[in-house]
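*Asks:* Okay, here's the structure, questions in a sec.
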């Protein structure tokens, strides 16, 4: 391997998700490259700090405050975001995710009938736990979405080739700890679409948390292009909406069963 390892390479190496040949090359390169070894050490420190962090407790008004501040900044780029999110490929992906989430839900309803249909106290407790998990993941995705919008709409100040990302980096450090817990929980329930999204989101959050501040204009452009290339903002919005609809349906059916 003659070129330096990219940030994606380092993240994949950390998680052990490289194919055997690429993993062997990465290990050899890290052994002989001081620059990449320093970058990897920095990444390890960030992740070690993340593992020791408690799940962040944000105030209930956090989302309203963020959205109130973002609304005034979004109109100049709203047309671009709307065209991006309404592209044919994205609409197909959205339909697939909604079907997956809804299908997993109705499969669960068939195998775990609601109260009044041979349900047990244990089944009711599991249903309540699932509602809480759905609510928590949905709120986490909403917070992540707000951070992503700020990231993709950030612009370089006039005359400067760098961008202040101190706020986004701080939020990424907070979000990545919660994201890891929710990813593990979603994986445990067999929800592959949510697990895959949280895995993609975690990679970006880890990269942001380990980024220098300020970030060069070129580096910022690469991050924005990565978010756009993976349709990450669109996926977060679709899954958040699907989870919220699923949670509301559970509340409605649960309320009728208990009436």
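Numbering (our numbering), first residue to last: 2 to 260.
All C-beta atoms in this analysis are idealised placements derived from N, C-alpha and C, irrespective of residue type, glycine included.
For residue 163, does the three-state DSSP call read helix, strand or coil?
*Replies:* Translated into the one-based positions of the chain shown, residue 163 becomes position 162. If DSSP states are grouped into helix, strand and coil, residue 163 belongs with the strands.
*Asks:* Between residue 36 and residue 219, what straight-line distance do the alpha-carbon atoms span, to the nearest angstrom?
*Replies:* Taking the first residue of the chain shown as position 1, residue 36 is located at position 35. Taking the first residue of the chain shown as position 1, residue 219 is located at position 218. Cα-Cα distance, rounded: 19 Å.
*Asks:* Is residue 217 helix, strand or coil when you go by DSSP?
*Replies:* In the chain shown, residue 217 corresponds to position 216, counting from 1. Three-state result, residue 217: strand.
*Asks:* Would you mind sorting residue 223 into buried or exposed? The rule is 16 or more other CB atoms within 10 Å of its CB.
*Replies:* For the purposes of this step, residue 223 is identified with residue 222 of the chain shown, where counting begins at 1. Exposed: under 16 other Cβ atoms inside 10 Å.
*Asks:* Helix, strand or coil: how does DSSP classify residue 180 here?
*Replies:* Residue mapping note: residue 180 aligns to position 179 of the chain shown, counting from 1. Residue 180 falls in the helix class under three-state DSSP.
*Asks:* Suppose you measure from the CA of residue 154 to the CA of residue 148; what does that come to, to the nearest Å?
*Replies:* Stepping through the chain shown from its first residue, residue 154 is reached at position 153. Stepping through the chain shown from its first residue, residue 148 is reached at position 147. So the alpha carbons of these two residues sit roughly 10 Å apart.
*Asks:* Roughly how many whole angstroms lie between the Cα atoms of residue 151 and residue 169?
*Replies:* For the purposes of this step, residue 151 is taken as the residue at position 150 of the chain shown. For the purposes of this step, residue 169 is taken as the residue at position 168 of the chain shown. Their backbone Cα atoms lie some 8 Å apart in a straight line.
*Asks:* Alpha carbons only, please: which of 8, 246, 188 is nearest the one belonging to residue 132?
*Replies:* Here residue 132 refers to the residue found at position 131 when the chain shown is read from its first residue. That would be 246, whose Cα lies nearest to the Cα of residue 132.
*Asks:* Classify residue 226 as buried or exposed, calling it buried when 16 or more other Cβ atoms lie within 10 Å of its own Cβ.
*Replies:* Position 225 of the chain shown, counted from the first residue, corresponds to residue 226. Residue 226 comes out exposed.
*Asks:* Please identify the residue among 27, 180, 174 whose C-alpha is closest to the C-alpha of residue 209.
*Replies:* Taking the chain shown and counting its residues from 1, the one referred to as residue 209 is at position 208. Taking only the C-alpha atoms, the option nearest residue 209 is 174.
*Asks:* CB residue 31 to CB residue 38, shorter than 8 Å?
*Replies:* The residue given as residue 31 occupies position 30 in the chain shown. The residue given as residue 38 occupies position 37 in the chain shown. Yes, the pair counts as a contact, with Cβ atoms nearer than the cut-off.
*Asks:* How big is the Cα-Cα spacing for residue 17 and residue 196?
*Replies:* As a first step, residue 17 must be located in the chain shown, where it is residue number 16. As a first step, residue 196 must be located in the chain shown, where it is residue number 195. If you take the alpha carbons of residue 17 and residue 196, they lie about 17 Å apart.
*Asks:* With DSSP collapsed to three states, give me the class of residue 113.
*Replies:* Start at 1 with the first residue of the chain shown, and residue 113 comes out as number 112. Confidence in residue 113 is poor, its pLDDT being 46 and thus under 50, which makes the residue's placement unreliable; the coordinate value appears in the next sentence. Correct three-state label for residue 113: coil.
*Asks:* Assuming the contact rule is C-beta atoms closer than 8 Å, residue 134 and residue 186 should be a hit. Round their C-beta distance to whole Å, please.
*Replies:* As a working note, residue 134 is residue 133 in the chain shown. As a working note, residue 186 is residue 185 in the chain shown. So it is a contact: roughly 6 Å between Cβ atoms.
*Asks:* Run the CB neighbour count on residue 14, radius 10 Å, all protein chains shown included, and call it buried at 16 or more, exposed below.
*Replies:* Sequence index remark: in the chain shown, residue 14 carries index 13 (1-based). The residue in question, residue 14, is buried, as its Cβ has 16 or more Cβ neighbours within 10 Å.
*Asks:* Taking 8 Å as the threshold (C-beta atoms), are residue 239 and residue 146 in contact?
*Replies:* In the chain shown, counting from the first residue as 1, residue 146 sits at position 145. In the chain shown, counting from the first residue as 1, residue 239 sits at position 238. No, these two residues do not count as a Cβ contact at 8 Å.
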